[in-house]
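Participant:
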Amino acid sequence: MKRLVAIVEDEAALRDNYAAAFTREGYAVRAYASRAQAMQAFAARLPDLVVIDISLEEEPEGGFELCRQLRALSAELPIIFLTARDSELDAVSGLRLGADDFLTKDLSIPHLIARVNALFRRVDALRKPGTPEEILRRGALTLDVERMQAQWDGQVVLLSLTEFWIVHALARHPGHVRSRQQLMDAANVVLDDNTITSHVKRIRRKFQSIDPQFDAVQTVYGMGYRWVE
Amino acid sequence: MSLRLKLLALGLATLVLPWAGCRYAREMESALREGEQNSLQAVSQTIAASLQGRTDLLYREAPPAPEISADAQSGAAAEGADAAGAAHAARAASSAGSAAEPATPHAFFKPGAYDLRPLALTAAPLVDGYSDDWPREPDAWAYFRKDERHRFRILTGVYERMLYALLEVHDEHPVYDAPGSNTLDPATFGDRVWIGWQDASGEQHQAFLAATGPGTLTARRIEAGEYGQQSAPIEPRIRAAWQPTPDGYRIEMRLPLSLVGSGFGVLVDDRDVRGAPPVSYGTLRSDDLHTLGRLLVAAPELTSYLAQFMQPGLKLAVTTPDGRVLARTDALAQSTPLSAEAPLLARLYRRFVDRPGERRLIESDAPIYDRDHQELIGKLEVTQTADPWIRLRDHALTRMLNFTLSTSVVAVSLMFAFAAWLALRLARLRQASESALTGARLVTSFPETEARDELGAVARSFSTLLARLNEYTSYLRTLAGKLAHEIRTPLTIVRSSLDNLEAEQVPEAARTYLARARQGSERLNAILLAMGAASRVEESIGNAERVSFDLVPLLSSAVAAYRGAFPARAFAAQLPEGSLILSGAPDLIMQLLDKLIDNAVDFSPAGATITVRLRAESQAAVLEVENPGPPLPPDVERRLFESLWQSRPDGDSRPHFGLGLYIVRLIAEFHGGEAAAMSLPNGAGVRFSVRLAR
Numbered sequence: 000m001k002r003l004v005a006i007v008e009d010e011a012a013l014r015d016n017y018a019a020a021f022t023r024e025g026y027a028v029r030a031y032a033s034r035a036q037a038m039q040a041f042a043a044r045l046p047d048l049v050v051i052d053i054s055l056e057e058e059p060e061g062g063f064e065l066c067r068q069l070r071a072l073s074a075e076l077p078i079i080f081l082t083a084r085d086s087e088l089d090a091v092s093g094l095r096l097g098a099d100d101f102l103t104k105d106l107s108i109p110h111l112i113a114r115v116n117a118l119f120r121r122v123d124a125l126r127k128p129g130t131p132e133e134i135l136r137r138g139a140l141t142l143d144v145e146r147m148q149a150q151w152d153g154q155v156v157l158l159s160l161t162e163f164w165i166v167h168a169l170a171r172h173p174g175h176v177r178s179r180q181q182l183m184d185a186a187n188v189v190l191d192d193n194t195i196t197s198h199v200k201r202i203r204r205k206f207q208s209i210d211p212q213f214d215a216v217q218t219v220y221g222m223g224y225r226w227v228e
Numbered sequence: 000m001s002l003r004l005k006l007l008a009l010g011l012a013t014l015v016l017p018w019a020g021c022r023y024a025r026e027m028e029s030a031l032r033e034g035e036q037n038s039l040q041a042v043s044q045t046i047a048a049s050l051q052g053r054t055d056l057l058y059r060e061a062p063p064a065p066e067i068s069a070d071a072q073s074g075a076a077a078e079g080a081d082a083a084g085a086a087h088a089a090r091a092a093s094s095a096g097s098a099a100e101p102a103t104p105h106a107f108f109k110p111g112a113y114d115l116r117p118l119a120l121t122a123a124p125l126v127d128g129y130s131d132d133w134p135r136e137p138d139a140w141a142y143f144r145k146d147e148r149h150r151f152r153i154l155t156g157v158y159e160r161m162l163y164a165l166l167e168v169h170d171e172h173p174v175y176d177a178p179g180s181n182t183l184d185p186a187t188f189g190d191r192v193w194i195g196w197q198d199a200s201g202e203q204h205q206a207f208l209a210a211t212g213p214g215t216l217t218a219r220r221i222e223a224g225e226y227g228q229q230s231a232p233i234e235p236r237i238r239a240a241w242q243p244t245p246d247g248y249r250i251e252m253r254l255p256l257s258l259v260g261s262g263f264g265v266l267v268d269d270r271d272v273r274g275a276p277p278v279s280y281g282t283l284r285s286d287d288l289h290t291l292g293r294l295l296v297a298a299p300e301l302t303s304y305l306a307q308f309m310q311p312g313l314k315l316a317v318t319t320p321d322g323r324v325l326a327r328t329d330a331l332a333q334s335t336p337l338s339a340e341a342p343l344l345a346r347l348y349r350r351f352v353d354r355p356g357e358r359r360l361i362e363s364d365a366p367i368y369d370r371d372h373q374e375l376i377g378k379l380e381v382t383q384t385a386d387p388w389i390r391l392r393d394h395a396l397t398r399m400l401n402f403t404l405s406t407s408v409v410a411v412s413l414m415f416a417f418a419a420w421l422a423l424r425l426a427r428l429r430q431a432s433e434s435a436l437t438g439a440r441l442v443t444s445f446p447e448t449e450a451r452d453e454l455g456a457v458a459r460s461f462s463t464l465l466a467r468l469n470e471y472t473s474y475l476r477t478l479a480g481k482l483a484h485e486i487r488t489p490l491t492i493v494r495s496s497l498d499n500l501e502a503e504q505v506p507e508a509a510r511t512y513l514a515r516a517r518q519g520s521e522r523l524n525a526i527l528l529a530m531g532a533a534s535r536v537e538e539s540i541g542n543a544e545r546v547s548f549d550l551v552p553l554l555s556s557a558v559a560a561y562r563g564a565f566p567a568r569a570f571a572a573q574l575p576e577g578s579l580i581l582s583g584a585p586d587l588i589m590q591l592l593d594k595l596i597d598n599a600v601d602f603s604p605a606g607a608t609i610t611v612r613l614r615a616e617s618q619a620a621v622l623e624v625e626n627p628g629p630p631l632p633p634d635v636e637r638r639l640f641e642s643l644w645q646s647r648p649d650g651d652s653r654p655h656f657g658l659g660l661y662i663v664r665l666i667a668e669f670h671g672g673e674a675a676a677m678s679l680p681n682g683a684g685v686r687f688s689v690r691l692a693r
């Protein structure tokens, strides 16, 4: 049975492009132009994954509202924000509302498909017990690559997909400086330096909320970041 | 010329007030003077009218001049009483001529050849034979001569109730009387001078003066005794003194005016040898010694009559019709002198008003007529000092000048204060508009907008203008970000379509175009990122957190990274020893440095050395980036850091929106500092320096 991907996007051309790509990839696709349309359909049947644009027709923040309503319907439904906006504030708001990832529309379609695939992999992995060889341990950090889940001192750190890939890229070779470009490649995203910086900042904050002493992610000015044990 | 000076000059125009005041005071004074002239005229006419017909006062009721017939004239000439003195001779001739006419009863004031006209003396001469206490008035002398050897001159004067006479006789051999002998013995006779007068009752009297040496003389009169015997008793009422002169001798004498009536004369008996027969000449008849001429003198009462009109500052004088003073009273000096009491200020003011050579005296005269109003018997001259009026004028002038000058001073200082205030306001306005232009962000709060005057209106329209400008620039500033946002969606459509197209079966020939389309869209994307950079930096500044960090390792690692990133440039780092702790956002500092290095790389030739320098100051850390290259165009040091401003050589393919140095400024300002740029001397390149508060 094909997985059902719902796309909520008010720009018809873009919507159809994404729908065509997902169909080609073997997903069942439902596309909606507005929040009302989408909610109506979701009330009947929840899709397996939702890609949401933040501004929807008349509602500039309609995507956020839709995310909130979907989270009320299902806590596990994977949600990806796909937006022309790239402000840090939007990203923070979206991720706080429980979105699994926040992608800008700069992302190419193959990248997008890869993220969706990854997200499905994570969902699948969470449903079955993990295999030990997929676990990366660096001191207090435990990364379950299969489930795309991070733990610090045994506590789960809720990372978005992008953030997970960044942490993973850093932690795999501790002490090695990873440039921003390398991090982008690892996370399968095209971002400008600023966005990488804010991602790293957010990662630190998330770990620090569990362990205020956390400083494993170091900035190497002019070069990038590295993981320090 | 500043506004202050202009208004000051305008204020000085109020000085026309004192000037006009001076003019007014002068006019007022002339009017007063004219009025006073008129009233003085009236006074003089009144006094003259009261003296009408008072010949008793003016001339002691002197009888008319005796008829001088041709016989008498020739007789006098025969006796040697040759009328001397050109003026008198002329007068005598004319009077002789007029005497042919029927003489009017009151023609007594017509001059006779032997008349004496005493001066009205102002002080009593000392009877000592010297002339130095007499007034120097050559015209007042009366001259008589018989021939070249026999002549004398006489000066007469009246002071109070005394008649004074000064007689100067030309005599080559003065001969004294024999001293101690009988004065009636002809053998003892020397030079003698006879005095003859007619008393009030018309009777003739004589006395003679005989000198036995210089000094006091005694006058003697001849009296006939009972038996034809003559005696010469001393006449005590006459005092006289004798002194020699280089060409003769001088006799000064004094006798009471009451003694003399209307006639008076002297006769000189000149002897060359004691006891010899004399040569007699003079104004007495030589046979009976009767007077030939008159004594034209005013009654002493005239002076006291005039005195009743006196007041300080007034002078009255009664003269004969031909101008000889008969009597005068003078109280001019009793008026207080002006300069003595006037305050300094008034004296200063007076200098502005007084016309040079102006007379301080007012004069007026009036004729005095006889009883029938036919003949002129005299003249009254009234002189009054103008001092009271000048003083009055000065008083008014002082008050008015004080008032107008203080008004001027007040007006000028008010204007000056106003100008200063206005200039201050204008300066504030100018300062505000200048800082609005050059400041980091446009200023909307403007001074003086509350003021209700024109300046307030200017300030308000300025403020409105600035607000508009502000809106406009903030629109411009956000335009790039907005544009990037708006273009992103269609670009995404293009790129996603290209992505989909690649998955489709595309003929190999079309793949080239597909690749070109993708290249184009990637470039567009890069442009979009550059356009949104400033707004993203602004946003991250808004969200930035301050931490304490060490600038030195940050810079050294950054420079190492730049060496890798820009292999075509050399980098020199001049960093302080130890650490330099700064509170701020290291990420932003890195961005700032990125922009400066980008800039330095863009504007320097390949192979150039870019210097990164860090200096610690007491309050700030100064970060400098120097690169060799073309100097800055003039006057762009400030504008360099403005949004959307750029000055780049043409042909640069990378997208630039003039935001790089604007971002530098934003970050510097976030760190409480400022950014500046300058050309290095000798065209060595350009230095950008950023000051960061510690």
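Read top to bottom, the protein sequences are chains F and Z.
Residue numbers 0 to 228, in numbering that gives the first Met the number 0, belong to the letters of the first sequence in order.
Residue numbers 0 to 693, in numbering that gives the first Met the number 0, belong to the letters of the second sequence in order.
Note that beta-carbon positions come from the ideal geometry of N, C-alpha and C, so glycine has one too.
Below 8 Å on the Cβ atoms is my contact criterion, and I expect D143/F with E133/F to pass it. Report the Cβ-Cβ distance as a whole number of Å.
Facilitator: Right, their Cβ atoms sit about 7 Å apart.
Participant: Could you spell out where the alpha helix (DSSP H) holding Y26/F opens and where it closes?
Facilitator: Counting along the chain, Y26/F falls outside any alpha helix (DSSP H), and DSSP gives it neither H nor E.
Participant: Let me check one thing: in DSSP terms, what residues is D230/Z bridge-paired to?
Facilitator: For the record, residue 230/Z in the displayed sequence is Ser; it is not Asp. Partner(s): E222/Z.
Participant: Which class does I580/Z belong to by DSSP, given the choice of helix, strand or coil?
Facilitator: Strand.
Participant: Name the DSSP bridge partner or partners of P255/Z?
Facilitator: P255/Z pairs with M161/Z.
Participant: Locate the alpha helix (DSSP H) running through V600/Z, then write down its first and last residues.
Facilitator: Per DSSP, V600/Z belongs to the alpha helix (DSSP H) from 585 to 601.
Participant: Is it right to say E222/Z is buried, meaning 16 or more other beta carbons lie within 10 angstroms of its own, or is it exposed?
Facilitator: Its Cβ having fewer than 16 others within 10 Å, E222/Z is exposed.
Participant: Just checking: is the beta-carbon of R522/Z within a distance shorter than 7 Å of some beta-carbon in chain F?
Facilitator: No - not a single Cβ of chain F is within 7 Å of the one on R522/Z.
Participant: Within 10 Å of its beta-carbon, does G262/Z have 16 or more other beta-carbons around it, so buried, or fewer, so exposed?
Facilitator: Buried, by the Cβ-count rule.
Participant: Could you name the residues that DSSP lists as bridge partners for V216/F?
Facilitator: Per DSSP, W226/F.
Participant: Measure from the alpha carbon of M147/F to the alpha carbon of each residue in V176/F, M222/F, V115/F, then state which is nearest.
Facilitator: Residue V115/F is the option with its Cα nearest to M147/F.
Participant: With a CB to CB cut of under 6 Å and the five nearest residues on each side skipped, what residues in its chain are close to A5/F?
Facilitator: Once the five neighbours on either side are set aside, the close Cβ partners of A5/F are R29, P46, V49.
Participant: Quick check: what's the CA-CA separation for L523/Z versus E673/Z?
Facilitator: The straight-line gap from Cα to Cα measures roughly 33 Å.
Participant: Using the DSSP secondary-structure output, state which residues sit across from V267/Z in a beta bridge.
Facilitator: Per DSSP, V192/Z, Y280/Z.
Participant: Do the region 23 to 40 of chain Z and the region 385 to 392 of chain Z make contact, defined as three or more Cβ pairs closer than 8 Å?
Facilitator: Segments in contact, yes.
Participant: Please go through the same chain and pick out, in chain order, the residues whose beta-carbon is closer than 6 Å to the beta-carbon of M399/Z, but skip the five residues on each side of it.
Facilitator: The residues are G20.
Participant: So which residues of chain Z does S107/F contact, with C-beta pairs closer than 7 Å?
Facilitator: Chain Z residues near S107/F: R494, D498.
Participant: Which partner residues of L81/F appear in the DSSP bridge assignment?
Facilitator: Beta-bridge pairing links L81/F to L102/F.
Participant: With distance defined between alpha-carbon atoms, name the residue in D89/F, A12/F, G25/F, L102/F nearest to L78/F.
Facilitator: Checking the sequence, you will find Ile at residue 78/F rather than Leu. Nearest option by C-alpha distance: L102/F.
Participant: Whole angstroms is fine: what's the gap from E171/Z's alpha carbon to A164/Z's?
Facilitator: Their backbone Cα atoms lie some 22 Å apart in a straight line.
Participant: Thinking C-alpha only, which one of V621/Z, R693/Z, V611/Z is nearest P627/Z?
Facilitator: Taking only the C-alpha atoms, the option nearest P627/Z is V611/Z.
Participant: Counting contacts by CB-CB distance shorter than 7 Å, is A32/F in contact with chain Z?
Facilitator: No, no contact with chain Z.
Participant: Per DSSP, what kind of secondary structure is D152/F in: helix, strand or coil?
Facilitator: Here D152/F sits in coil by DSSP.
Participant: Distance cutoff 7 Å, beta carbons only. Does R23/F sit that close to anything in chain Z?
Facilitator: Yes, R23/F counts as interfacial toward chain Z.
Participant: So, does the CB of Y224/F fall closer than 7 Å to a CB anywhere in chain Z?
Facilitator: So no, Y224/F is outside the interface.
Participant: Go to T328/Z, then tell me how far its beta strand (DSSP E) extends in each direction, as first and last residue.
Facilitator: Residues 324 to 329.
Participant: Spatial neighbours of G455/Z within its chain, please: CB distance less than 6 Å, with the 5 preceding and 5 following residues excluded, ordered by chain position.
Facilitator: So the qualifying residues of the chain are E447.
Participant: How would you call L9/Z, buried or exposed, if buried means at least 16 neighbouring beta carbons within 10 angstroms?
Facilitator: With fewer than 16 other Cβ atoms within 10 Å, it is exposed.
Participant: If you follow the beta strand (DSSP E) that K314/Z is part of, which residue opens it and which one closes it?
Facilitator: Start and end: 313 to 318.
Participant: Check the Cβ of M589/Z against every Cβ in chain F and list those closer than 7 Å, keeping chain order.
Facilitator: The contacting residues are Y220, G221.
Participant: Would the beta-carbon of S678/Z fall within 7 Å of that of V689/Z?
Facilitator: Against a cut-off of 7 Å, the Cβ pair of V689/Z and S678/Z comes out as no contact.
Participant: Can you list, in chain order, the residues of the region 462 to 493 of chain Z whose Cβ is nearer than 7 Å to any Cβ on chain F?
Facilitator: Those would be H484, R487, T488, T491, I492, in chain order.
Participant: Locate the beta strand (DSSP E) running through A675/Z, then write down its first and last residues.
Facilitator: Per DSSP, A675/Z belongs to the beta strand (DSSP E) from 673 to 678.
Participant: Just the Cα atoms here: how many angstroms apart are P211/F and A557/Z?
Facilitator: Each residue's Cα considered, the two are about 28 Å apart.
Participant: For the region 619 to 633 of chain Z, which residues have a beta carbon sitting closer than 8 Å to at least one beta carbon of chain F?
Facilitator: Hits within the stretch: zero.
Participant: Residues of chain F with CB under 9 Å from A714/Z, in chain order?
Facilitator: Since the first residue of chain Z shown is 0 and the last is 693, residue 714/Z is not available in this structure.
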